[in-house]
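Okay, so the sequence shown: first residue is 170 according to our numbering, each after it adds one.
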Amino acid sequence: MLQLESVTTGYGRVSVVFDVCLTVPDGKLVAVLGNNGAGKTTLLRAVMGLLPVRTGSVVFDGADITKLSTNKRVRRGIAYVPQGQQSFGQLTARENLVLIAERHGQAGARRMSEALDLFPALGGLLTRRAGLLSGGQRQQLAIARALITGPKLMVLDEPTEGIQPNVVAEIQAAISTMMSGAGISVLMVEQHVGYALEMADSFAVLASGRVMSTGAGGAAAVSQAREAMAL
Ligand SMILES: Nc1ncnc2c1ncn2[C@@H]1O[C@H](COP(=O)(O)OP(=O)(O)O)[C@@H](O)[C@H]1O
Ligand SMILES: [Mg+2]
170 MLQLESVTTG
180 YGRVSVVFDV
190 CLTVPDGKLV
200 AVLGNNGAGK
210 TTLLRAVMGL
220 LPVRTGSVVF
230 DGADITKLST
240 NKRVRRGIAY
250 VPQGQQSFGQ
260 LTARENLVLI
270 AERHGQAGAR
280 RMSEALDLFP
290 ALGGLLTRRA
300 GLLSGGQRQQ
310 LAIARALITG
320 PKLMVLDEPT
330 EGIQPNVVAE
340 IQAAISTMMS
350 GAGISVLMVE
360 QHVGYALEMA
370 DSFAVLASGR
380 VMSTGAGGAA
390 AVSQAREAMA
400 L
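Structure below.
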């Protein structure tokens, strides 16, 4: 579904991610782990075309998208949920969803109702301003918005950051459901190693912008991932 081939990217003239190779197979979840400042968000921004890929390539669904604009990537089926649960704070939860749904006609309306099925808690909060929602509710809203675009691949940056454990479980369940139900593949950045590996089919640990360790997901991988993060 997504293939990163030796991707180097960064800010201005400064590279902060070096030669990253990573594959997200169709229908699978790949976790990118690593400490603060390791380059995880930078890598995702390059996947989305928000930062230029200096060397290497990004292949999505069989096509080289390295030079495509962010909008075109979204239209091809990559949805991005940035770190920090961004929504339009002054708009209600419903307005935040409708804003996206309107651009997608009937499919948008259908996917909006599917997204609300996935996050029942949002149903009771639709008239509330997004800025007044809790962190967990805002994260659910952000994922719901992304789902309305009808993605094949969902790119999630620390979806559980700063969120209460019971809401983390809800978000985890929703990710599993969207994968099994709609066949969506997931590239997810996480700092919570145990939680991420529980869900991941495979993982990569980034440190100082380089892939330090890779392997299959599952509880057995936790110590391997933690050791790589400690280096
Ligand atoms: N806008 C920016 N301009 C310059 N350097 C940045 C910018 N954003 C992040 N960085 C640097 O890039 C490195 C990786 O950051 P980031 O990708 O946000 O890490 P992570 O998401 O793993 O915590 C850090 O050293 C950070 O200081
Ligand atoms: Mg980050």
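Even glycine gets a Cβ: it sits at the ideal position worked out from N, Cα and C.
Between Leu219 and Val193, the C-beta gap is not smaller than 8 Å, which leaves the two residues out of contact. Ranked by Cα distance from Ile332, the options Tyr364, Leu316 and Ala385 are led by Tyr364. Here the segment 301 to 309 makes contact with the segment 328 to 346; the two share three or more CB pairs at distances below 8 Å. Remark: fewer than three beta-carbon pairs, one from each stretch, lie closer than 8 Å, so the segment 344 to 358 and the segment 264 to 279 are not flagged as touching. Contact check for Gly293 against Leu285 fails: the beta carbons are separated by 8 Å or more. A Cβ-Cβ separation of about 5 Å places Thr318 in contact with Ala248 under the 8 Å criterion. Closest in alpha carbon position to Thr296, among Ala394, Leu260 and Phe288, is Leu260. Going by DSSP, Gln172 is part of no alpha helix (DSSP H) but of the beta strand (DSSP E) stretching over Leu171 to Tyr180. Counting only residues whose CB is nearer than 7 Å to a non-hydrogen atom of ligand 2, the list in chain order is Lys209, Thr210, Gln252, Asp326, Glu327 and Val358. Where Arg223 is concerned, the enclosing beta strand (DSSP E) starts and stops at Val222 to Phe229. At the C-beta level, Gly378 and Val186 come within 8 Å of one another.
Within the segment 236 to 290, the complete alpha helix (DSSP H) runs of at least 4 residues fall at 239 to 245, 262 to 270 and 274 to 287. Between the segment 365 to 373 and the segment 193 to 204, the count of C-beta pairs closer than 8 Å reaches three or more; the two stretches touch.
Along the length of the segment 320 to 369, whole beta strand (DSSP E) runs at least 3 residues long occupy 322 to 326 and 354 to 359, reported in chain order. Here DSSP, grouped into helix, strand and coil, assigns Ser377 to coil.
Using a Cβ-Cβ distance cut-off of 8 Å, the segment 216 to 235 and the segment 257 to 272 are not in contact, since fewer than three pairs of beta carbons, one from each stretch, lie closer than that value. The residues Leu295, in chain order, have a CB closer than 6 Å to that of Arg263 in the same chain once the five nearest residues on each side in sequence are set aside. Ranking Val216, Ile340, Asp230 and Leu202 by CA distance to the CA of Ser175 puts Val216 first.
Ala394: member of the alpha helix (DSSP H) spanning Val391 to Ala399, first to last residue. For Thr192, no alpha helix (DSSP H) segment is defined; the enclosing uninterrupted segment is the beta strand (DSSP E) at Val183 to Val193. About 15 Å separates the beta carbon of Thr239 from that of Thr211, a gap too long to meet the 8 Å contact definition. The C-beta distance from Ala376 to Leu287 rounds to 34 Å, too long to fall under 8 Å, and the pair is not in contact.
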